[in-house]
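Please read the structure below before turning to the comments.
2 protein chains.
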Amino acid sequence: MDGTESAEQAIELLQQLGLKEYEACCFVGLTRLDTGTAKRLSEITEVPRTRVYDAIRMLEAQGLVEIQHSSPQRFRAVPLGEATETLRDQYEERVERLSQSLEDVEAVGEGDESPVQQVWAMAGRDAIENRTNQLLGQADDEIVFVVGDGSLLTEELIDSLNAVPSDIELLVGALTEPLEAEIRRGVPEATTFVSGLEWLHGERATEEATAIGRLLLVDRSTILVSSIVPESKEEQAIFGEGFGNGLVVIARRLMAQGLLGTRDPAQ
Amino acid sequence: MDGTESAEQAIELLQQLGLKEYEACCFVGLTRLDTGTAKRLSEITEVPRTRVYDAIRMLEAQGLVEIQHSSPQRFRAVPLGEATETLRDQYEERVERLSQSLEDVEAVGEGDESPVQQVWAMAGRDAIENRTNQLLGQADDEIVFVVGDGSLLTEELIDSLNAVPSDIELLVGALTEPLEAEIRRGVPEATTFVSGLEWLHGERATEEATAIGRLLLVDRSTILVSSIVPESKEEQAIFGEGFGNGLVVIARRLMAQGLLGTRDPAQ
DNA sequence: GGTTTTGTGATTAATCGAGTTACCGTGCCC
DNA sequence: GGGCACGGTAACTCGATTAATCACAAAACC
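The listed protein sequences derive, respectively, from chains A and B. When the count follows UniProt numbering, it moves up by one through the first sequence with no breaks and lands on 267 for the last residue. When the count follows UniProt numbering, it moves up by one through the second sequence with no breaks and lands on 267 for the last residue.
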């Protein structure tokens, strides 16, 4: 612990960004110290003094702290703006290289053939949002979109909706009246409506309620339905495409797969 | 191994981005398979079949693969563009939250007082570049900048140089003639020159050559000198500010710290 | 000169991930 | 029906990191 409440959050995040525990502790320790020695750092943070040196060295190599080679040596954190920018750069570089590598690798013989009727499950707020944008962009005739939770109505989503060509019919619904108003404001082009999907929303049998996230139907041939699991706030979705049998099949599968009931939060 | 050469590179990168080995293997396995079962995947990749399921679940939770809940269940990777976008989003979100947390935490009593004459060491290409931009932006009178290696002349750097107000004297040097030409093209406003720093560049005594990276002197009061270690390609720098004794002191320190000789590559 | 700091290295303990095996349910072929 | 390959889950072993201590040499301080 670092004393302050949100310091621990910072440590947590730094670890998610790839730092070790000691490294993360030392870094936030330094941001609240401006400049300090190993001893001072080990007092503030719960990092044993003898391990501070290693941690700092690692941090320096990643461009997050500077070292003054005096005796005793002093450390200081790079200014916040520079630090975040550096982290961003590193990541951006990696993603870029990854993208390159993956392009050079596609295809190894045949993939399995698969039945016509496909239903895929996916999870993760960002991923589902990206898929949503993707689908919005490739619509030909008609889009039906229902937003079940205000938190899903992001900037990016509104942009995507506004980017829909005007010759495509755009129907956007919301589960509540105020949400609908918000949508009408953000996407004036769209025909908005309220709900019509309470049957999806309400609790089913005795199981606890599962909040409906979004429902997207493109050209009556591709559908994406998501729900938000109550506690973990994680969004999960099912996604179907390319079949002539219409919605009913999907809806049935939806039920069958328990998407509307409970499902163990992904690990 | 995955057969293909650059597949391993992708795996490497994915691990750096936070995935476990199995997860990384499964993901690239899927990108070259379009759609596949656990069995197929375990054949392509060297991941034991029984562990494919866990890996995939993790990947799904992160929004990188989709699962078809049939029997046998099928997996497929999210399209490359969506995947990278999702990774980007996740990271961006974390960095953003980190930034918030760290702002709420600054300052814990006094930092150590430190001597007037400060020399700080830092490392990492991105970090040094950021610091360079930072310094360029806060110059008042004069900027002297020497580029020792063409790879350092990035887009971003050129932008920063061009953003320097015209009432600030801007001197930009290069170690070679062609490099100077490139700079003159990219930054027409600047007064360019060649080298003048061979004494820094050449090998010293019998030690192997250390390539000079960049040298930046702002308002004659702040200096940043970097070198690029031959093998690891890592850039390391020293950075000094706020003293009236001019360059000489720094230069001497420079030598004393062996920046121009060899130094063990950070870990 | 003696004592406290400072820094490095080695050592132990705990954690986590890689790799393996055992086991249950389901369909399929004999 | 009995066996058998396949699909899926869950346990366990082993090895590599990492967190946490300890021992010790070199400086710095009084």
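Glycine residues also receive a C-beta, built at the ideal position from the N, C-alpha and C atoms. Computed from a predicted structure; not experimentally measured.
Neighbour flag for residue 46 of chain A against chain B, beta carbons, 7 Å: For residue 46 of chain A, the nearest beta carbon of chain B is not closer than 7 Å to its own beta carbon.
So, with DSSP's three-state summary, where would you put residue 168 of chain A? coil
Proximity test, Cβ basis, 7 Å: residue 206 of chain A and chain B: Confidence is the limiting factor: at residue 206 of chain A the pLDDT is only 40, short of 50, which leaves the residue's position unreliable and the question unanswerable from this model.
Quick one, which residues of the segment 147 to 159 of chain B are near chain A if we go by CB-CB under 8 Å, in chain order? Taken residue by residue, none of the segment 147 to 159 of chain B has a beta-carbon sitting less than 8 Å from a beta-carbon on chain A.
Considering only residues of the same chain and omitting the five flanking positions on each side of residue 226 of chain B, which have a CB-CB separation below 7 Å? Here the set comprises 128, 213, 214, 235, 236 and 237.
DSSP-derived helix/strand/coil call for residue 28 of chain B: helix
Residue 175 of chain B to residue 192 of chain B, Cα distance in whole Å? 11 Å
Name the one or two DSSP bridge partners that residue 191 of chain B has. According to DSSP, residue 191 of chain B bridges with B:171.
List, in chain order, every chain B residue whose beta-carbon is nearer than 9 Å to that of residue 50 of chain A. In chain order: nothing, as chain B lies at least about 17 Å away.
Distance, residue 101 of chain B Cα to residue 68 of chain A Cα: The alpha-carbon atoms of residue 68 of chain A and residue 101 of chain B are separated by roughly 26 Å.
Measuring only between beta-carbons, confirm whether residue 246 of chain A sits less than 7 Å from chain B. For residue 246 of chain A, the predicted structure reports a pLDDT of 48, less than 50, and the residue's modelled location is therefore unreliable. The matter cannot be settled from this model.
To the nearest whole angstrom, what separates the beta carbons of residue 63 of chain A and residue 123 of chain B, a pair I think is in contact under 8 Å? 6 Å
Please list, in chain order, the residues of the segment 114 to 142 of chain A that have any C-beta partner in chain B closer than 9 Å. Under the 9 Å Cβ criterion, the segment 114 to 142 of chain A contributes 114, 115, 118, 119, 120, 121, 122, 123, 124, 125, 126, 127, 128, 129, 130, 131, 133 and 134.
DSSP state of residue 107 of chain B mapped onto helix, strand, coil: coil
Taking buried to mean at least 16 other C-beta atoms within 10 Å of its own C-beta, is residue 42 of chain B buried or exposed? buried
For chain B, check one thing: does any of its Cβ atoms lie closer than 7 Å to the Cβ of residue 99 of chain A? Yes, contact with chain B.
Kindly confirm or deny that the segment 172 to 187 of chain B and the segment 88 to 104 of chain B touch, where touching means at least three C-beta pairs closer than 8 Å. Here the segment 172 to 187 of chain B makes no contact with the segment 88 to 104 of chain B; the two share fewer than three CB pairs at distances below 8 Å.
Name, please, each residue of chain A whose Cβ falls closer than 7 Å to the Cβ of residue 4 of chain B. 105
Given this structure, state the Cα-to-Cα distance separating residue 187 of chain B from residue 155 of chain B, to the nearest angstrom. 11 Å
Of all Cβ atoms in chain A, is any one closer than 7 Å to the Cβ of residue 60 of chain B? Closer than 7 Å: yes.
With burial defined as no fewer than 16 other Cβ atoms inside 10 Å of the residue's Cβ, what is the status of residue 177 of chain A: buried or exposed? exposed
How would you write the range of the alpha helix (DSSP H) that residue 52 of chain B sits in, first residue to last? 49 to 61
Chain B contact residues for residue 10 of chain A, given Cβ-Cβ distances below 7 Å: 98, 101, 102 and 105
Would you grab the beta carbon distance between residue 23 of chain B and residue 55 of chain B for me? Rounded to a whole angstrom, and I think it's under 8 Å. 5 Å
Using a C-beta to C-beta distance shorter than 9 Å, which residues of chain A count as neighbours of residue 84 of chain B? Residues of chain A whose Cβ lies closer than 9 Å to the Cβ of residue 84 of chain B are, in chain order, 95, 96, 98, 99 and 102.
Rounded separation between residue 277 of chain B and residue 223 of chain B - CA only: The displayed coordinates of chain B run from 1 to 267. Any statement about residue 277 of chain B would go beyond what the structure contains.
Quick one, which of B:40, B:232, B:135 and B:162 has its alpha-carbon nearest residue 216 of chain B's? B:135
Are any of the Cβ atoms in chain A nearer than 7 Å to that of residue 91 of chain B? yes
Beta-carbon neighbours of residue 66 of chain B, restricted to chain A and to distances below 8 Å: 120, 121, 122 and 239
If we call anything under 7 Å between Cβ atoms a contact, is residue 130 of chain A one with residue 86 of chain B? yes
Distance cutoff 7 Å, beta carbons only. Does residue 108 of chain A sit that close to anything in chain B? Under the Cβ distance rule, residue 108 of chain A counts among the residues neighbouring chain B, one pair being separated by less than 7 Å.
Quick one, are the C-beta atoms of residue 157 of chain B and residue 164 of chain B less than 7 Å apart? no
Could you tell me whether the Cβ of residue 88 of chain B comes closer than 7 Å to any Cβ of chain A? Yes, residue 88 of chain B counts as interfacial toward chain A.
From the DSSP output, in three-state form, read off residue 163 of chain B for me. coil
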